[in-house]
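Undergrad: Quick one: structure below, then a few questions.
Protein chains: 2
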Amino acid sequence: MKLKRSSRLIDMTGYLLQHPHQIVSLSYFSDRYASAKSSISEDLGIVKDNFESQGIGRLETIAGASGGVKYIPFMKRDDAEAFLRLLSEQLSQSDRLLPGGYLYMTDILGQPSYINEIGRMIASVYSNHSIDVVMTMETKGIPLAFAAASQLNVPVIIVRRSIKVTEGSTVSINYVSGSSKRIQTMVLPRRSLTPGSRVLIIDDFMKAGGTMKGMANLLKEFDAEVAGMAVLVETKSEEPKLVDNYLSLLKLSMTEQEEQFIIEQGNYFQYYEC
Amino acid sequence: MKLKRSSRLIDMTGYLLQHPHQIVSLSYFSDRYASAKSSISEDLGIVKDNFESQGIGRLETIAGASGGVKYIPFMKRDDAEAFLRLLSEQLSQSDRLLPGGYLYMTDILGQPSYINEIGRMIASVYSNHSIDVVMTMETKGIPLAFAAASQLNVPVIIVRRSIKVTEGSTVSINYVSGSSKRIQTMVLPRRSLTPGSRVLIIDDFMKAGGTMKGMANLLKEFDAEVAGMAVLVETKSEEPKLVDNYLSLLKLSMTEQEEQFIIEQGNYFQYYEC
């Protein structure tokens, strides 16, 4: 069915937003809308200008026979800053402080709208880092991992704390939690990673970084590679960290007696490139 | 900045897709695009026709002073059937069979594109059931729960198997797993649910339904209500189930010796209304 330009623009926008980081050929759209490639090209020009001016993302043009366009989700710096301010405010409520220097974030981590924005922020930084897989440790990092992976169009693998019958054969390692010094176990299904994969590790909270380091070590068992590490909140107190080169959206500082805390911006904008 | 119709349509589409189940007033769009409400009304008419003909969802018009439009994600029956066929094929690969009558689904459950489609299918059924919260049990149901909740614009609460320091004060119950007959524990943060909430329970896999029943019982402790139950895969063998009125996308049947299995369509279309 031949569609008018207005219809094509609406459908194209929907299609591109739902297929990030995928090359869509001009022929695909040309067939889908029974329209000439020249019209499709013009449409894409309009979509591109709007995505960029409205801060939805970028539209890359790939030339050649297998060419087409690729939508790269990307959050504008202003939007990222505004969102981090909102998140800081939410997390600064005084009744969030829990014993042991933890912060109650369960409600925030349960809001898909926040989670999707956090995912978009992380995906913006790693959009041109050739990520193959996003990895996280159960439980609270899972929504963040999926939100980022969804924008990067890559699968997620979830590290478990113990062996599960539903995972088939597994590879496990022991690691020492950086803050509690306890020995813990990490398990990953044997068939979950192919050698050489470039892995983005994501978690919700990082104290000394023991879990992050454990995940990085687990990757070695699969001959896979750390392509990046990102956390929502890191704590300021426990330093130096056991890992380097991690991105953090927010930083939590605690008073000596763990009675008061401050939430600041993390190192996000050190990694952010326009 | 005054925008042209083509730009408005692109931005509107993006905005609506990212704000499902939210009333957006005409004034909001009128201010956003510095355009007359009459033009915005026409734009929305075009968007509505296209969303409906392309199977992206519905656009409801809310009349009156606080009126506007609401985007309701909805999957067309043809698309839902095609997706279920694809999923069945993927899950029918013979090397997925695990000891104990389980199916290896970890890879499928790690693909955001599948997860988002499953979420859209579940959200389509419950789109007019006044859902307040989606609930799931850690670990594997979490991505599905977030995908559905994201489309329904409601928060997710995650039931844990043990008490965590990061959750604050908690409510826990014991329950008997329907298939293994083991006594297990479920924990939920005390501040996670308000009385009277209508809860959609989502999980990845259901054998006898003990976990589902446990979650329903846990809701009673919060004076909350089961508004629906949905699983990706139910097993055919263990019947009758401990719960009624659950929706399933797929059904798994196993031979006596658990050497072969068949994946069929679940009861999804009994719940689906056009």
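For the record, the sequence lines run as chains A and B. Quick note: the first sequence uses my numbering, first residue 979, plus one each step. Quick note: the second sequence uses my numbering, first residue 979, plus one each step. Beta carbons are placed, not taken as given, at the ideal position from N, Cα and C, and that holds for glycine.
I need the DSSP call for D1201(A), collapsed to helix, strand or coil.
TA: Correct three-state label for D1201(A): coil.
Undergrad: Would you say G1078(A) faces chain B, with C-beta separation under 8 Å as the test?
TA: So, interface residue.
Undergrad: Does T1117(B) come out as helix, strand or coil in the three-state DSSP assignment?
TA: If DSSP states are grouped into helix, strand and coil, T1117(B) belongs with coil.
Undergrad: Which residues in chain B sit within 7 Å of T1084(A), going by Cβ to Cβ distance?
TA: Going along chain B in sequence order, the residues near T1084(A) (Cβ under 7 Å) are E1145, P1167 and S1170.
Undergrad: Taking the alpha carbon of S1226(A) as the point to measure from, which residue in Q1235(A), T1213(A) and A1060(A) has its own alpha carbon closest?
TA: Ranking the options by Cα distance to S1226(A), first place goes to T1213(A).
Undergrad: Does the pairing of the segment 1091–1108 of chain B with the segment 1057–1064 of chain A give three or more beta-carbon distances under 8 Å?
TA: Result no; under three Cβ-Cβ pairs closer than 8 Å.
Undergrad: Taking S1091(A) as the reference, give the member of L1122(A), H1107(A), S1072(A) and Y1249(A) with the closest Cα.
TA: For the residues L1122(A), H1107(A), S1072(A) and Y1249(A), the minimum Cα distance to S1091(A) belongs to L1122(A).
Undergrad: Whole angstroms is fine: what's the gap from E1116(A)'s alpha carbon to L987(A)'s?
TA: Distance between the alpha carbons of E1116(A) and L987(A) is about 40 Å.
Undergrad: Using a Cβ-Cβ distance under 8 Å, would R1063(B) count as near chain A?
TA: Taking Cβ atoms only, chain A never reaches closer than 8 Å to R1063(B), which makes this a no.
Undergrad: With distances taken between CB atoms, is the gap from V1132(B) to V1112(B) smaller than 8 Å?
TA: Yes; because the gap between Cβ atoms is below 8 Å, this pair is in contact.
Undergrad: What residues of chain A sit near T991(B), judged by a beta carbon separation below 7 Å?
TA: Correct list: I988, T991 and G992.
Undergrad: M1164(A) to G1187(A), Cα distance in whole Å?
TA: Roughly 15 Å separates the two Cα atoms.
Undergrad: Name the DSSP beta bridge partners of M1184(A), please?
TA: Beta-bridge pairing links M1184(A) to E1212(A).
Undergrad: If you follow the beta strand (DSSP E) that N1152(A) is part of, which residue opens it and which one closes it?
TA: Segment T1148 to V1154, the beta strand (DSSP E) holding N1152(A).
Undergrad: Using 10 angstroms around the beta-carbon of L1228(B), count the other beta-carbons present and answer buried if the total reaches 16, otherwise exposed.
TA: Buried: at least 16 other Cβ atoms inside 10 Å.
Undergrad: Compare the beta carbon distance of Y1080(A) and T1144(B) with 8 Å and say whether it is the shorter of the two.
TA: Yes, they are a contact pair.
Undergrad: Short of 9 Å Cβ to Cβ, which residues in the segment 1020–1033 of chain B face chain A?
TA: From the segment 1020–1033 of chain B, only D1021, I1024, V1025, D1027, N1028, F1029, S1031 and Q1032 have a Cβ closer than 9 Å to chain A.
Undergrad: Mind listing, in chain order, the continuous beta strand (DSSP E) runs of no fewer than 3 residues lying wholly within the segment 1050–1117 of chain B?
TA: You should have 1111–1115.
Undergrad: Taking I1141(A) and S1170(A) to be in contact with their CB atoms under 8 Å, please state how far apart those CB atoms are, rounded to whole angstroms.
TA: The pair is not a contact, with the Cβ atoms about 13 Å apart (cut-off 8 Å).
Undergrad: List the endpoints of the continuous beta strand (DSSP E) containing G1244(A).
TA: First-last for G1244(A): undefined, no H or E at that position.
Undergrad: What residues in the segment 1100–1121 of chain A bring their beta carbon closer than 7 Å to a beta carbon of chain B?
TA: Residues passing the 7 Å Cβ filter: E1116, T1117, I1120 and P1121.
Undergrad: Can you tell which of L1130(A), D1182(A), M1053(A) and H999(A) has the C-alpha that lies nearest to the C-alpha of G1035(A)?
TA: Ranking the options by Cα distance to G1035(A), first place goes to M1053(A).
Undergrad: Run through DSSP, which three-state label would S1158(B) get?
TA: Note: S1158(B) maps to coil in three-state DSSP.
Undergrad: Along chain A, in chain order, which residues have C-beta atoms closer than 8 Å to that of R1138(B)?
TA: Residues of chain A passing the Cβ test: T1117.
Undergrad: Which bits of chain B does F1124(A) rub up against, with CB to CB less than 7 Å?
TA: In chain order: P1090, I1093, P1121 and F1124.
Undergrad: Below 8 Å on C-beta distance, what does R983(A) contact in chain B?
TA: S984, listed in chain order.
Undergrad: How far does the beta strand (DSSP E) with Y1006(B) in it extend, from its first residue to its last?
TA: Counting along the chain, Y1006(B) falls outside any beta strand (DSSP E), though it belongs to the alpha helix (DSSP H) covering L1004 to R1010.
Undergrad: Under a CB-based cut-off of 8 Å, is P1133(B) close to chain A?
TA: Taking Cβ atoms only, chain A reaches closer than 8 Å to P1133(B), which makes this a yes.
Undergrad: How about M1184(A) and V1209(A): are their beta carbons less than 8 Å apart?
TA: For M1184(A) and V1209(A), yes; Cβs fall inside 8 Å.
Undergrad: Within 10 Å of its beta-carbon, does I1040(A) have 16 or more other beta-carbons around it, so buried, or fewer, so exposed?
TA: It counts as exposed.
Undergrad: I1179(B): which of S1155(B), I1151(B), A1127(B) and S1215(B) sits nearest, CA to CA?
TA: For the residues S1155(B), I1151(B), A1127(B) and S1215(B), the minimum Cα distance to I1179(B) belongs to A1127(B).
Undergrad: Which one of S1215(A), V1002(A), L1197(A) and L1004(A) has the shortest CA to CA distance from D1110(A)?
TA: The shortest Cα separation from D1110(A) among S1215(A), V1002(A), L1197(A) and L1004(A) belongs to L1197(A).
Undergrad: Taking the alpha carbon of L1087(A) as the reference point, which residue from Q1238(A), K1219(A) and D1182(A) has its own alpha carbon closest?
TA: L1087(A) has its Cα closest to that of D1182(A), out of Q1238(A), K1219(A) and D1182(A).
Undergrad: Any idea what DSSP makes of Y993(B), helix, strand or coil?
TA: Three-state DSSP puts Y993(B) in a helix.
Undergrad: Just confirm the distance between the C-beta atoms of L1130(A) and Y1049(A), as a whole number of angstroms; I'd bet it's less than 8 Å.
TA: That belief does not hold up - the Cβ atoms of L1130(A) and Y1049(A) are roughly 12 Å apart, past 8 Å.
Undergrad: According to DSSP, is T1189(A) helix, strand or coil?
TA: T1189(A): helix per DSSP, three-state reduction.
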